[in-house]
Amino acid sequence: MQTDHLVTRTVPGTVAEAAERLIGSLTRRGIVVFAIIDHAANARSVGLDLQDEVVVIFGDPQVGTSLMLEDPAAGIDLPLRMALWDDHGTTKAAYRNPAVMAEQFNLSGHSGVPQKLAGLLAQLAEELGQRLSLNTRDSSRSAGAGHDNPARS
1 MQTDHLVTRT VPGTVAEAAE RLIGSLTRRG IVVFAIIDHA ANARSVGLDL
51 QDEVVVIFGD PQVGTSLMLE DPAAGIDLPL RMALWDDHGT TKAAYRNPAV
101 MAEQFNLSGH SGVPQKLAGL LAQLAEELGQ RLSLNTRDSS RSAGAGHDNP
151 ARS
């Protein structure tokens, strides 16, 4: 499923494996992982059953702060996040398209930043879709030029 606002794709491996790959990709880029919310564990804590689902919340405080200084309402979409869940044996990844932020908030002084963030999320989702495990060949491919943090430029 893909709309202008939501991008969803199927990724290989389990939710835990996909989360580990995502966190590794973020760490290699120097992007801060602020939180990992385990919705399935939270559901179990109140006696409910939910397929594996986590949300990884991440970003660059310098980039996010500059956007919120221009329009504090942008904080509703910051930091960035990606949801990973088990859809009956298939792992899915989804994120809100930050390019939409340019339409929703007054970010005229940072008009290119939401598109750069959208590019970063697309790269992360692409990497999740390509790799089953982190090995030397995979990590060297993702660490090359063109995979730098576009939010820092």
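Residue numbering for the sequence shown follows the UniProt record's numbering, beginning at 1 and increasing consecutively.
Idealized CB from N, CA, C, for every residue including glycine.
Since the structure is predicted, the reported quantities are computational estimates derived from the model, not experimental observations.
Item                                                                                         : Value
Delimiting residues of the beta strand (DSSP E) encompassing I57                             : E53 to G59
DSSP three-state assignment for T65, whether helix, strand or coil                           : helix
Simplified DSSP state of R9, which is helix, strand or coil                                  : strand
E126 to G59 span [Cα, whole Å]                                                               : 18 Å
Status (buried if at least 16 other CB within 10 Å, exposed otherwise) for P72               : exposed
Euclidean distance between Cα positions of I76 and M68                                       : 10 Å
Sub-9 Å separation of A19 and I31 beta-carbons                                               : no
DSSP bridge partner residues for K92 (one or two, in chain order)                            : T10 and W85
Helix, strand or coil at E17 according to DSSP, with G and I counted as helix                : helix
Anticipated Cβ contact below 8 Å, L22 with V56, distance rounded                             : 6 Å
Local conformation of L78 per DSSP, three classes                                            : coil
Residue span of the beta strand (DSSP E) that contains V32, given as start and end           : V32 to D38
Member of G129, A122, L128 and Q130 whose CA lies at the smallest distance from the CA of L6 : A122
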